[in-house]
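Asks: Structure provided below as structure tokens; questions to follow.
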Amino acid sequence: MKTAALLNLETPPVLDGAAQAKAQGLRYVSDQTPGFTRRKHGKHVLFFDTKGEHIRDEAVITRIRKLAIPPAYKNVWICPHANGHMQATGLDARRRKQYRYHGDWRALREASKFSHILAFGEFLPKLREITHEHMSQRGLTRDKVLATVVTLLEKTLIRVGNDEYAKTNKSYGLTTLHHKHVDVEGHTIRFRFRGKSGKEWNLKLADRRIARVVKACADIEGQELFKYVDDNGTVRDVTSGDVNAYLQAVTGEPFTAKDFRTWTGTVLAAMALQDYAHYDSEAQAKKNVVAAIEHVAKKLGNTPTVCRKSYIHPQIIDAYLDGSLIAQISRDIDASMQANYAQLTSEEILVLAFLKQRLHENAI
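Per our numbering: the sequence shown = residues -5 to 358.
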């Protein structure tokens, strides 16, 4: 990436899946095309090619076995090409499609999780201004209710929610909460519900503006909590798709609800590592990283493994381990930076400045 593009936060061209795969030396494939299959034969599993011929090539068999496709999977499709971006698919016991990807493709997708978090942090002050303005609208307009949900995403770190999880697992997020999950008393909102992975949420938030909107939504009949009234006077439930569409409409960027958790996880990790500014060995430094990640995971309601992999920018941990993080996030914030990012906390400003500098150095 060119330095100027990074400093100006210009958006690089978005490559489609096929182009991304090609750039990695991979072949973009689909499980709708013919693939290898497997069949149980006594105590063994045999593999067959696209012509139905028994595969005997040990290299091919080894590649397939390394995919570790669970024996219980049904309708298994296996990619005929060793460099296919997707190596296998199958249906689990609940008839959900599961995927096995090429290692290089997984690495690419992992890196892309964090590729736009700097741009997200840069836009966050403006986004907060917009949501504040939208929450001032009269009635339960779409923008007002969605701005409220977005603000709650930030303040509570509750996931946005998924209809399938709510129906199948009875686990909830903001957009799938029911009336029974929330109590409003004056300016205080109490959330009690079971979230993803069985995590029990029980948290309290004091905010007059949010409480007013939540109370108004709760006064409307219907099981779902968050609703808005469209231009025709029809009451509509808020979905996670609505939230992401709102974010992309007001920012002009492909941001999603998950970016709030990634941004906050990154900031929390940097601040947690400040408490471990001094260490005597690499082993101690790694223990400190584990402790910091556990702290962030508890805040986000994730396992430490998922937290490190998906919600903490890897540059935070890399910089801590190479000894450069603490000095960069412990400095004073100059007046111009404070003025430019007035809607950010001091911790957020320091982390944003660190990421800009770190990614700039890596791009040179």
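Cβ coordinates follow ideal geometry from the N, Cα and C atoms, glycine included.
1) Nearest CA to the CA of Glu247: which residue from Leu294, Phe117 and Ala277?
2) Quick one, are the C-beta atoms of Ile111 and His307 less than 8 angstroms apart?
3) Just to confirm, is the Cβ distance from Val23 to Gly84 under 8 angstroms?
4) Can the beta-carbon of Ile320 be found closer than 8 angstroms to that of Ile343?
5) For Glu218, count the other beta carbons within 10 Å of its own beta carbon; 16 or more makes it buried, fewer makes it exposed. Which is it?
6) Could you check what DSSP says for Val232 in three-state terms: helix, strand or coil?
7) Excluding the five sequence neighbours on either side, which residues of its own chain have a C-beta within less than 8 angstroms of the C-beta of Ala87, listed in chain order?
8) Please list the terminal residues of the continuous alpha helix (DSSP H) segment that includes Tyr314.
9) Can you tell me which of the three DSSP states Tyr273 falls into?
10) Can you tell me where the alpha helix (DSSP H) with Ile204 in it begins and where it stops?
11) Nearest by alpha-carbon distance to Thr142: which of Arg100, Gly115 and Asp201 is it?
12) Just verifying my parser: in three-state terms, what is the DSSP assignment at Glu116?
13) Taking 8 angstroms as the limit between beta carbons, can you name the residues of its chain near Ala74, skipping five residues before and five after?
14) In whole angstroms, what is the alpha-carbon distance linking Thr228 and Gly216?
15) Considering only C-alpha positions, which residue in the set Leu102, Val244, Val39 and His35 is nearest to Ala13?
16) Hey, how far is the Cα of Arg94 from the Cα of Gln351?
17) Please go through the same chain and pick out, in chain order, the residues whose beta-carbon is closer than 8 angstroms to the beta-carbon of Lys149, but skip the five residues on each side of it.
18) Suppose you measure from the CA of Val139 to the CA of Gly155; what does that come to, to the nearest Å?
19) Does DSSP put Arg186 in a helix, a strand or coil?
20) Alpha carbon to alpha carbon, how far is Pro298 from Tyr314? Give it in angstroms, no decimals.
21) If Tyr305 and Arg255 are in contact, beta carbons under 8 angstroms, what's the gap, nearest whole angstrom?
22) Out of curiosity, what's the CA-to-CA distance linking Asn226 and Ser165?
Replies: Reading from the atomic positions:
1) Phe117
2) yes
3) no
4) no
5) buried
6) coil
7) Result list for Ala87: Ala66, in chain order.
8) According to the DSSP assignment, Tyr314 belongs to the alpha helix (DSSP H) that extends over Pro308 to Leu315.
9) coil
10) For Ile204, the enclosing alpha helix (DSSP H) starts and ends at Arg202 to Ala212.
11) Taking only the C-alpha atoms, the option nearest Thr142 is Asp201.
12) DSSP, reduced to helix, strand and coil, places Glu116 within a helical segment of the structure shown.
13) The amino acid occupying residue 74 in the given sequence is Pro; Ala does not appear at that position. So the list reads Pro28, Gly29, Phe30, Asp43 and Thr44, once near-sequence residues are dropped.
14) Rounded to the nearest angstrom, the two C-alpha atoms are 13 angstroms apart.
15) Of the candidates Leu102, Val244, Val39 and His35, the one whose C-alpha sits nearest the C-alpha of Ala13 is Leu102.
16) 36 angstroms
17) Leu199, Asp201 and Ile204
18) Rounded to the nearest angstrom, the two C-alpha atoms are 15 angstroms apart.
19) strand
20) Tyr314 and Pro298: Cα-Cα distance of roughly 17 angstroms.
21) 6 angstroms
22) 32 angstroms
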